[in-house]
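Trainee: Chains as they are written, first to last, in this note's numbering: chain A, 92 to 244; chain B, 2 to 938. C-beta atoms are modelled at their ideal positions from N, C-alpha and C, and glycine is treated no differently. One structure follows; several queries about it will come next.
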């Protein structure tokens, strides 16, 4: 089933028979055309996060991985971890201001004015940052998310 | 979370998710099956060797081949191998499942079995190699896992080898080994269960799963366990199904809420304040639907079905002089003619105590429904208010993480369709804007004296204008009374319509005036809306007052007229009887034979009142709809299309597009409902009319808002409990209750129309029922209950109860506030502690510097220096948040104490060097798992 979906994305790349040559990667541009991700503002980030090489090329394993994390029954903790990775745009293991701004602009399609964006980012950091280093570490993030009522994904 | 907008794609995602689950589930099941098969195969191997030659040969053939392949590939990419293995199994499973579904014949089953056996055989052989390989890897990768484990692993290796060679070895295990094994098996089982929760890459997971499963498979049998496996799998499957069902049911429930999608759409573009109007409208619709059910089920339908038909009674017949024009459109539109003598109005209903075969007591039912509508509405409004109050807050304070939550959790990952996605973007933007407005309001630092002065000034101005308009209304009404005494012909058109003119002028001028004055106050828009609502409400009360005033004038006039007609009728009847008896010289007088259309009849003031209300509602509806059509739609069209050939920018400049007028619409709705409440008693059809009106206005206004309005300049969040609307509604309900109850209790009903004709007072029906239909003791009880001596204490008791409850609620409020403050304090404290950690660490480090094992590392000579490397190291190596601790760890300093002091929750990685993926170590389940940092990029 999943393999079918995987193959659908790039029929010319992925062979039907998966016994012999498993070293295949489907590039990011193809992955994000999936209907599940097509409208997602963070699609690039999601795919990048799950790809092993960090450039958005998914092996079949990564692909399965992505689905198992994004599916509804996967536990909250797991989702938290991956969500943190997704929002961490520059991969420094902190969500810093630039990450927040990027997130915000993706969420609102850049409809907010720069002042509003900075205001929101400042507020968000002020709210969630517990150790006062002006960026959100995973601990901050987890603490904040765990209290969110509708963290479902 | 907003109700899941489930698009096709979303469903697919879910499906896929389930599929993944199913696969893993399958895996375990498959494993179990394989196990049993294996055994069987093994057991059968010896005796079968001779008989089942073909199969065995194939098996044997295949096994070495595979082995060889494996051997060949092992050095390069063992991971890949695992992967491939699994893929194959997955594929085979899926194909198998489909096959199973397709054909259930015995033969197929058998062949499948054969195939499986083959595979199993192959696996069984290949397993050996794999296991060795796995164990090797385990030994490498999980060195950190603890020595105990390593030992066990060795044992396992031994066992694994021995078990695959011969089953007998297992029995020779000692008790202690058994216990250890048991533990191990449990652990592995746990690992299988929680594997999905681990943030590892798939490959790693697969390997782990394989290992664990194999292990469990091998030793579970030895320990005599694993019988419940199938049952367990079944249970898991059922829980999954249940969850899915529950979710579907939730979706179904949200889909059943009428207009939910429409309202969400409006909300996403115009903010929750505009949506709150539509929610209110929907609520009102529900209420009216119930009222409509009462009215039609208990009053209108019985009369239509069981009562006398049209034309049988004078009250159900159009009088002779009106018959010519009774079907004219203009007349009907004024609710005269046939309308007037239909079930829509009070006069139509007959005063027979019981009607039909069911002996339905229509007059009683009429009265009870009339009063019950008020009772029900009161109850519902108050219950909703109470529930809203429970739901809490004013919407503004929402906890600590407003912005962060909005930022990280607002996107609905189930969205797959572009339109919903656009809506979601819009709604997220609006919600951000709402929060920003709130925040700006909080941040505003101000000249408090100036602000206060301005607010007082604004209130003064508004009070002045309110008072002025009140006086104007009073003056105009007085004048109209003077005019009414004069002859109709002397008056000019203006003088006749002066009241209406002034009223509509006030309604037109005052709200914008108030809004302008309210600018002075500079309130948050939400609060400003409340003020605006309150002020316009006060203005509209004048409207109501004039309307009621005019109505009562009319009623008293009609009552007088009716009295004279009644006297006339009685006199005529007496004369008729006298003539008849004197003429025929008999006392047995038949009733006069007059066609019902020709009977002299009174003006029937109740129907008159009902007509007034219906007309008012209809004209109000027309005005509202026309206003929307012209004020919004035409304006929008003009602005949109004339903009191409105009000298200034129409869209951005003067006319622009209209904003949705929340206060006006809400108040319109509320007053409309007041009219319904007042009028429903006199015109039972009014409720049905109102249901229609609300229904159309829902669609119409939704369309108008979406197509021709622009969002407010400052989109603001509505208070979550729209109790302010409810409060106004309650006030209006109370106000409209008064006149109706007054008429029921004091005014005499018309003598020749309506269900109460012939009675002194309307409520006499109740008395009559009590006396005639109920047993006498109930009547006694009723008289006792209405005794003032009983009522007074009851009222007193209620007042006391209210006082007590009020006090209690105040206490709770106080407690609540205290708790909130405490929580805030705790949070601040934590923040401070974390902020100051560096400084405390400094002290700790000074202490540590004195310890002997300090000598192991190059000691930081100065404290200032220590600060700098901290930061640098943290930045460069991307170490986890536990900066000083981790760094110190790296230097080999034992800082356990300090870490435990700094962290409130358990923190695993004290013994670990700061890897690139340290953040992970603070994962959900800090346990003795090995090498958590492996999934690092």
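Answer with buried or exposed for residue 382/B, where buried requires no fewer than 16 other C-beta atoms within 10 angstroms of its C-beta.
Mentor: Burial call: buried.
Trainee: Where does residue 799/B land, buried or exposed, given buried means 16+ other C-beta within 10 angstroms?
Mentor: Exposed, since its Cβ has fewer than 16 Cβ neighbours within 10 Å.
Trainee: Which chain B residues sit within Cβ distance under 9 Å of residue 203/A?
Mentor: Correct list: 430, 433, 434, 437.
Trainee: Have a look at 540/B, 677/B, 783/B and flag the residue whose alpha-carbon is nearest the alpha-carbon of residue 371/B.
Mentor: The shortest Cα separation from residue 371/B among 540/B, 677/B, 783/B belongs to 677/B.
Trainee: Does any residue of chain A bring its CB to less than 7 Å from the CB of residue 307/B?
Mentor: Not one chain A Cβ lies under 7 Å of residue 307/B.
Trainee: What's the gap between the Cα of residue 779/B and the Cα of residue 561/B?
Mentor: Rounded to whole angstroms, residue 779/B to residue 561/B spans 38 Å at the Cα level.
Trainee: Taking the alpha helix (DSSP H) that residue 348/B belongs to, which residues open and close that run?
Mentor: Looking at the DSSP string, residue 348/B is not in any alpha helix (DSSP H), and its letter there is neither H nor E.
Trainee: For the alpha helix (DSSP H) containing residue 294/B, name the first residue and the last one.
Mentor: Counting along the chain, the alpha helix (DSSP H) containing residue 294/B begins and ends at 261-296.
Trainee: With DSSP run on the structure shown, which of helix, strand or coil describes residue 600/B?
Mentor: Residue 600/B: coil per DSSP, three-state reduction.
Trainee: For chain A, check one thing: does any of its Cβ atoms lie closer than 7 Å to the Cβ of residue 829/B?
Mentor: Closer than 7 Å: no.
Trainee: Keeping to the same chain, check which residues put their C-beta closer than 7 Å to that of residue 791/B; ignore five residues upstream and five downstream.
Mentor: Answer for residue 791/B: 785, listed in chain order.
Trainee: Note down, in chain order, every chain A residue with its Cβ under 9 Å from the Cβ of residue 271/B.
Mentor: Near residue 271/B there are no residues of chain A at all, since even the closest Cβ is about 14 Å away, more than 9 Å.
Trainee: Please check if any C-beta of chain A sits within less than 7 Å of the C-beta of residue 276/B.
Mentor: Not an interface residue.
Trainee: Can you tell me which of the three DSSP states residue 733/B falls into?
Mentor: Residue 733/B: helix per DSSP, three-state reduction.
Trainee: Can you name the residues of chain A whose CB is closer than 8 Å to the CB of residue 212/B?
Mentor: Those within 8 Å of residue 212/B in chain A number zero; the least Cβ separation is about 17 Å.
Trainee: So does the stretch 355-367 of chain B actually touch the stretch 315-331 of chain B, counting three or more Cβ pairs closer than 8 Å?
Mentor: Touching, no, given that fewer than three Cβ pairs across the two stretches are closer than 8 Å.
Trainee: Is there a Cβ of chain A sitting closer than 7 Å to that of residue 386/B, yes or no?
Mentor: No, residue 386/B lies away from the interface with chain A (no Cβ there is under 7 Å from its Cβ).
Trainee: Using the beta-carbon of each residue, which ones in chain B are nearer than 9 Å to residue 211/A?
Mentor: Chain B residues near residue 211/A: 404, 407, 408, 433, 436, 437, 440.
Trainee: Is the shortest distance between the beta-carbon of residue 124/A and the beta-carbons of chain B less than 7 Å?
Mentor: It does not; no Cβ of chain B falls within 7 Å.
Trainee: Between which two residues does the alpha helix (DSSP H) carrying residue 230/A extend?
Mentor: Residues 229-237.
Trainee: Is it buried or exposed, residue 650/B, if we count other Cβ atoms within 10 angstroms and call 16 or more buried?
Mentor: Exposed, since its Cβ has fewer than 16 Cβ neighbours within 10 Å.
Trainee: Using a threshold of 7 Å, state whether the C-beta atoms of residue 272/B and residue 431/B are closer than that.
Mentor: Yes, these two residues count as a Cβ contact at 7 Å.
Trainee: Just curious, the alpha helix (DSSP H) that residue 504/B is in, first and last residue?
Mentor: Here the alpha helix (DSSP H) through residue 504/B covers 499-522.
Trainee: In chain order, what residues of the same chain lie with their CB nearer than 7 Å to the CB of residue 519/B, ignoring the 5 residues before and after it?
Mentor: If we look at residue 519/B and ignore the five residues flanking it on each side, its Cβ neighbours are 459, 529, 532, 533.
Trainee: Here's a check: name, in chain order, each residue in its chain whose Cβ is nearer than 8 Å to the Cβ of residue 696/B, leaving out the five neighbours to either side.
Mentor: 286, listed in sequence order.
Trainee: In terms of DSSP beta bridges, what is residue 670/B paired with?
Mentor: Its beta-bridge partners do not exist; DSSP assigns none.
Trainee: Along chain B, which residues have their Cβ under 8 Å away from the Cβ of residue 200/A?
Mentor: The contacting residues are 426, 430.
Trainee: Counting only C-beta atoms, is residue 31/B closer than 7 Å to chain A at any point?
Mentor: With a pLDDT of 44 at residue 31/B, under the threshold of 50, the modelled position of this residue cannot be trusted; read the value that follows with caution. Chain A contact via Cβ: absent.
Trainee: Have a look at 636/B, 681/B, 409/B and flag the residue whose alpha-carbon is nearest the alpha-carbon of residue 367/B.
Mentor: Nearest option by C-alpha distance: 681/B.
Trainee: Rounded to the nearest angstrom, what separates residue 220/A and residue 207/A at their Cα positions?
Mentor: Rounded to the nearest angstrom, the two C-alpha atoms are 19 Å apart.
Trainee: Where does residue 225/A fall in DSSP's three states?
Mentor: Residue state, collapsed to three classes: coil.
Trainee: Which value, in whole angstroms, describes the spacing of the CA atoms of residue 244/A and residue 131/A?
Mentor: Residue confidence is low: residue 244/A scores 46 on pLDDT, short of 50, so the model does not pin down where it sits. Its coordinate-derived value is still stated next. Computed Cα separation, rounded: 11 Å.
Trainee: So that I know if they touch, is there some Cβ in chain B lying closer than 7 Å to that of residue 130/A?
Mentor: By this cut-off, residue 130/A is an interface position.
Trainee: Using the Cβ count rule (16 or more neighbours within 10 Å means buried), how would you classify residue 157/A?
Mentor: By the 10 Å Cβ count, residue 157/A comes out buried.
Trainee: So if DSSP puts residue 660/B in a beta bridge, which residue, or which two residues, is it bridged to?
Mentor: According to DSSP, residue 660/B bridges with 711/B.
Trainee: Out of 339/B, 348/B, 292/B, point me to the one whose CA is closest to residue 940/B's CA.
Mentor: Nothing about residue 940/B can be read from this structure; chain B reaches only from 2 to 938.
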